[in-house]
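A.B. asks:
In my numbering, the protein residues as written are 1 to 616.
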């Protein structure tokens with residue numbers, strides 16, 4: 001049995017934050033869950049997917065976040081407790097249904113998790129999704145610890161049902177990917193089937209209906225404001241003239257800083273866990289007893305702007321600060337040392353930072369930039385594109401996935417990346433606006449996510465570019481989750497369909513469609529050249545399973561290569577494809593037999609044929 005399904009109230013177990021959230025959803029009786037995977041939220045969906053194989057929970061990996069939210073909205077309006085999760089940029093994709101779902105509301109509890117990523121550990125931006133709650137008039141909760149995350153999602157379902165409104169649960173990477181002991185609670189029985197009661201005056205958002213629904217949304221938010229005023233997740237601790245307002249993990253940094261600076265008797269902390277709508281009265285009462293207030297929040301000045309407005313309304317004239325050049329930045333993650341220093345500076349506390357250990361005698365740690373894995377078929381495809389397009393002035397819009405790393409030297413294939421699916425649509429613009437040849441790249445999961453509409457647009461408007469779809473049979477970047485083109489029987493699962501990318505592309509009206517096997521280098525280059533010469537929309541589908549995925553399924557045949565004595569040290573292998581299995585020893589190229597997967601791409605590009613299979 002999956003460890004998160006154990007019905008053992010009182011048991012303490014060490015869990016990842018995302019595991020704790022998944023357990024909290026189970027304890028809340030969640031019956032229906034949807035997602036498109038995205039770090040830092042991916043482990044939530046992985047655990048729910050696994051548990052769905054052993055329970056009555058319905059779980060699906062949807063084609064994108066918009067679809068995930070729309071599927072979940074239907075379930076929530078059939079009376080089921082429903083959970084929809086995504087990373088922060090995923091909520092951009094889901095924003096269209098989100099804004100109107102706030103008008104429609106729900107009849108069953110619905111929690112929408114948005115996992116923000118300060119410092120952009122695995123993201124293209126670090127937007128602050130608290131503004132979605134304000135923008136959409138939705139209640140929002142923010143946990144400060146792993147155990148609290150489990151309890152907070154349970155409360156979020158209750159709050160959703162009390163208000164008949166979706167509730168946003170905002171986490172950050174530090175919560176999602178931290179570990180802590182969590183105490184299991186009772187598992188609420190799930191209701192797996194509901195009934196949709198027709199209610200056009202609520203559910204059919206034509207203008208005449210929506211005008212009335214907007215009124216009701218604001219009424220719900222007024223009710224939520226009253227609930228926030230007395231919420232256990234908005235708490236005050238300590239007393240003194242110094243006021244500190246914090247949220248999320250910053251709350252614990254603030255606690256530690258107060259203790260380390262020895263100002264326990266001089267400072268009080270207001271932690272906001274129910275952060276939209278803001279508890280206006282509680283905040284004004286808090287400010288009334290302060291001489292000076294520091295606001296600690298990663299990201300944008302979401303709380304700071306509201307707190308200053310509340311102070312102005314109440315006629316409270318005291319220094320209130322947070323984001324400034326002298327204090328907290330709007331950039332990146334915070335850490336305890338930063339919070340401690342800024343708190344000391346702001347409140348005028350004498351403080352001598354701990355002297356840093358000298359590392360002058362420690363060798364500099366070698367740089368380890370992100371890299372495509374050994375045997376990754378994307379590397380071969382990028383090399384083949386560069387060879388086929390030699391002496392051509394090309395633009396290569398790339399997309400979001402492992403293959404984004406193709407922009408790194410020496411492959412240097414990737415000139416424009418903004419969001420999932422943008423490679424196809426932006427190619428339309430580049431092809432029309434310039435005389436350069438456009439070759440765009442997208443992964444299979446991303447193609448299903450948001451690449452198809454761009455391709456339809458390209459065919460209809462008769463654009464001129466070549467699209468390379470990297471079909472590696474899995475959603476690789478976020479941890480090998482399935483997508484509509486995956487053979488689910490490889491997971492030992494039945495009952496799933498499978499969508500053939502080639503048939504989809506041809507059905508869209510693309511007339512020049514090619515299939516390549518990227519580990520067959522010469523033939524692939526020739527095929528790409530033919531596609532590049534075609535006037536109009538051409539599509540190349542590069543088919544080869546992800547090496548790590550294939551290894552996990554034992555599909556790889558162990559066959560390492562070595563560099564023989566024929567090598568005359570051109571280093572073409574390193575300088576053109578830079579596979580991480582290569583290394584230099586006495587300035588000679590060697591291959592690490594333990595990491596080489598035997599793709600043989602290097603052997604095919606070596607001018608001396610000096611790379612040969614390693615005989616065992």
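Ideal placement from N, C-alpha and C gives every residue a C-beta, glycine not left out.
(1) Assess contact between the segment 275-288 and the segment 324-332, defined as three or more Cβ pairs (one per stretch) separated by less than 8 Å. Is contact present?
(2) If you count every other CB in all the chains shown that lies within 10 Å of the CB of residue 493, and 16 or more means buried, which is it?
(3) If we ignore side chains and look at the alpha-carbon of each, how far apart do residue 618 and residue 27 end up?
(4) Could you tell me the alpha carbon to alpha carbon distance between residue 413 and residue 464, rounded to whole angstroms?
(5) Would the segment 548-565 and the segment 598-613 be scored as touching if the rule is three or more Cβ pairs under 8 Å?
(6) Buried or exposed, going by whether 16 or more other CB atoms sit within 10 Å of the CB of residue 369?
(7) Report the three-state DSSP secondary structure of residue 243 (helix, strand or coil).
(8) With the cut-off set at 8 Å, would you say residue 377 and residue 500 are in Cβ contact?
(9) Leaving out the 5 sequence neighbours to the left and right, which residues in its chain are closer than 6 Å to residue 524 when beta-carbon positions are compared?
(10) Could you name each continuous alpha helix (DSSP H) segment of 4 residues or more that falls completely within the segment 431-511, going from the start of the chain to the end?
(11) Within 10 angstroms of the Cβ of residue 214, are there 16 or more other Cβ atoms? Answer buried if so, exposed if not.
(12) Short of 8 Å in beta carbon distance, which residues of its chain neighbour residue 184, apart from the five on each side in sequence? Order them along the chain.
(13) Taking just the CA atoms, how far does residue 308 sit from residue 398?
(14) Do residue 299 and residue 128 have their CB atoms nearer than 8 Å?
(15) Give the list of continuous beta strand (DSSP E) stretches no shorter than 3 residues that lie fully inside the segment 119-199.
(16) Report the start-end ranges of each beta strand (DSSP E) in the segment 212-240 that is 3 residues or longer and not cut off at the edges.
(17) Please classify residue 404 as buried or exposed, where buried requires at least 16 other C-beta atoms within 10 Å of its C-beta.
(18) Among the residues of its own chain, which have a CB less than 7 Å from the CB of residue 559, if the five just before and after it don't count?
(19) Please return the same chain residues whose Cβ sits closer than 6 Å to the Cβ of residue 402, not counting the five positions on each side in sequence.
(20) Might you give, ordered along the chain, the residues of its own chain that have their beta carbon closer than 6 Å to the beta carbon of residue 534, omitting 5 neighbours on each side?
(21) Taking the beta carbon of residue 352 as the centre, do at least 16 other beta carbons fall within 10 Å, making it buried, or is it exposed?
(22) Find out if the Cβ-Cβ distance for the pair residue 439, residue 510 is shorter than 8 Å.
(23) Which one or two residues does DSSP pair with residue 3 in a beta bridge?
(24) Would you call the segment 125-143 and the segment 160-178 touching, i.e. three or more CB-CB distances under 8 Å?
(25) Measuring CB atoms only, is the segment 105-116 touching the segment 68-76, in the sense that at least three cross pairs come out at less than 8 Å?
(26) What does a CB cutoff of less than 6 Å around residue 83 pick up in its chain, not counting 5 residues either side in sequence?
(27) Give a yes or no on whether the C-beta atoms belonging to residue 69 and residue 97 are separated by under 8 Å.
(28) Given residue 252, which residues of its chain have a CB within under 8 Å of its CB, disregarding the five upstream and five downstream residues?
(29) Residue 537 lies in the beta strand (DSSP E); which residues open and close that run?
(30) On the criterion of 16 or more Cβ atoms from any shown chain inside 10 Å, does residue 36 qualify as buried, or is it exposed?
(31) Do residue 52 and residue 58 count as a contact pair if the criterion is CB distance below 8 Å?
(32) Express the C-alpha separation of residue 469 and residue 445 in angstroms, rounding to a whole number.
(33) Check whether the Cβ atoms of residue 179 and residue 16 sit closer than 8 Å, and answer yes or no.
(34) Using a Cβ-Cβ cut-off of 6 Å (strictly less than) and excluding sequence neighbours within five positions of residue 456, which residues of its own chain qualify?
(35) On the criterion of 16 or more Cβ atoms from any shown chain inside 10 Å, does residue 117 qualify as buried, or is it exposed?
(36) Are residue 607 and residue 572 close, meaning C-beta to C-beta below 8 Å?
C.D. replies: Walking through what the data contain:
(1) no
(2) One-based indexing of the chain shown puts residue 493 at position 493. Residue 493 comes out exposed.
(3) This structure cannot settle anything about residue 618, because the visible part of the chain is limited to 1 through 616.
(4) Counting from 1 along the chain shown, the entry for residue 413 is found at position 413. Counting from 1 along the chain shown, the entry for residue 464 is found at position 464. Distance from the CA of residue 413 to the CA of residue 464, rounded to the nearest whole angstrom, comes to 19 Å.
(5) Taking a contact to require three or more Cβ pairs closer than 8 Å, the segment 548-565 and the segment 598-613 qualify as touching.
(6) Sequence index remark: in the chain shown, residue 369 carries index 369 (1-based). Taking every protein chain shown into account, the CB of residue 369 has fewer than 16 other CB atoms within 10 angstroms, so this residue is exposed.
(7) Taking the chain shown and counting its residues from 1, the one referred to as residue 243 is at position 243. If DSSP states are grouped into helix, strand and coil, residue 243 belongs with the strands.
(8) Sequence index remark: in the chain shown, residue 377 carries index 377 (1-based). Sequence index remark: in the chain shown, residue 500 carries index 500 (1-based). The answer is no: Cβ separation not under 8 Å.
(9) Locating residue 524 in the chain shown gives position 524, counting from the first residue. Counting only Cβ-Cβ distances below 6 Å, and skipping sequence neighbours, we find 384, 516, 518.
(10) 452-460, 501-507
(11) Here the question's residue 214 lines up with position 214 in the chain shown. Answer is exposed; the Cβ neighbour count stays below 16.
(12) Here residue 184 is taken as the residue at index 184 of the chain shown, counted from 1. Within the same chain, residue 184 has close Cβ partners 6, 8, 9, 10, 11, 12, 13, 23, 27.
(13) For this step, residue 398 is matched to residue 398 along the chain shown. For this step, residue 308 is matched to residue 308 along the chain shown. If you take the alpha carbons of residue 398 and residue 308, they lie about 43 Å apart.
(14) By 1-based counting over the chain shown, the position of residue 299 is 299. By 1-based counting over the chain shown, the position of residue 128 is 128. The answer is yes: Cβ separation under 8 Å.
(15) Counting whole runs of 3 or more residues, the segment 119-199 contains the beta strand (DSSP E) stretches 167-172, 179-183.
(16) 234-238
(17) For the purposes of this step, residue 404 is taken as residue 404 along the chain shown, with counting starting at 1. Its Cβ being crowded by 16 or more others within 10 Å, residue 404 is buried.
(18) Start at 1 with the first residue of the chain shown, and residue 559 comes out as number 559. Only 598, 613 meet the Cβ criterion.
(19) Counting from one through the chain shown, the residue named residue 402 turns up at place 402. Sequence-distant Cβ neighbours of residue 402 in its own chain, meaning closer than 6 Å and more than five residues away, are 476, 477.
(20) Counting from one through the chain shown, the residue named residue 534 turns up at place 534. Answer for residue 534: 512, listed in chain order.
(21) Taking the first residue of the chain shown as position 1, residue 352 is located at position 352. Exposed, since its Cβ has fewer than 16 Cβ neighbours within 10 Å.
(22) Position 439 of the chain shown, counting from 1, holds the residue named residue 439. Position 510 of the chain shown, counting from 1, holds the residue named residue 510. No, they are not a contact pair.
(23) By 1-based counting over the chain shown, the position of residue 3 is 3. Note: residue 3 sits in no beta bridge, so no partner.
(24) yes
(25) yes
(26) Residue 83 sits at position 83 when you count from the first residue of the chain shown. Excluding sequence neighbours, residue 83 sits near 25, 30, 33, 111.
(27) To locate residue 69, count along the chain shown from 1; it is residue 69. To locate residue 97, count along the chain shown from 1; it is residue 97. Taking 8 Å as the Cβ cut-off, residue 69 and residue 97 qualify as a contacting pair.
(28) For the purposes of this step, residue 252 is taken as residue 252 along the chain shown, with counting starting at 1. Contacts found: 144, 145.
(29) Residue numbering aside, residue 537 sits at position 537 when the chain shown is read from its first letter. Run containing residue 537: 537-543, per the beta strand (DSSP E) assignment.
(30) In the chain shown, counting from the first residue as 1, residue 36 sits at position 36. Buried.
(31) For the purposes of this step, residue 58 is taken as residue 58 along the chain shown, with counting starting at 1. For the purposes of this step, residue 52 is taken as residue 52 along the chain shown, with counting starting at 1. Closer than 8 Å, so yes.
(32) Position 445 of the chain shown holds residue 445. Position 469 of the chain shown holds residue 469. The alpha-carbon atoms of residue 445 and residue 469 are separated by roughly 10 Å.
(33) Translated into positions along the chain shown, residue 179 becomes position 179. Translated into positions along the chain shown, residue 16 becomes position 16. Going by C-beta atoms, residue 179 is nearer than 8 Å to residue 16.
(34) Position 456 of the chain shown, counted from the start, is the residue given in the question as residue 456. Closer than 6 Å at the Cβ level, and outside the excluded window around residue 456, lie 508.
(35) Within the chain shown, the letter at position 117 stands for residue 117. So residue 117 counts as buried.
(36) For the purposes of this step, residue 607 is identified with residue 607 of the chain shown, where counting begins at 1. For the purposes of this step, residue 572 is identified with residue 572 of the chain shown, where counting begins at 1. For residue 607 and residue 572, yes; Cβs fall inside 8 Å.
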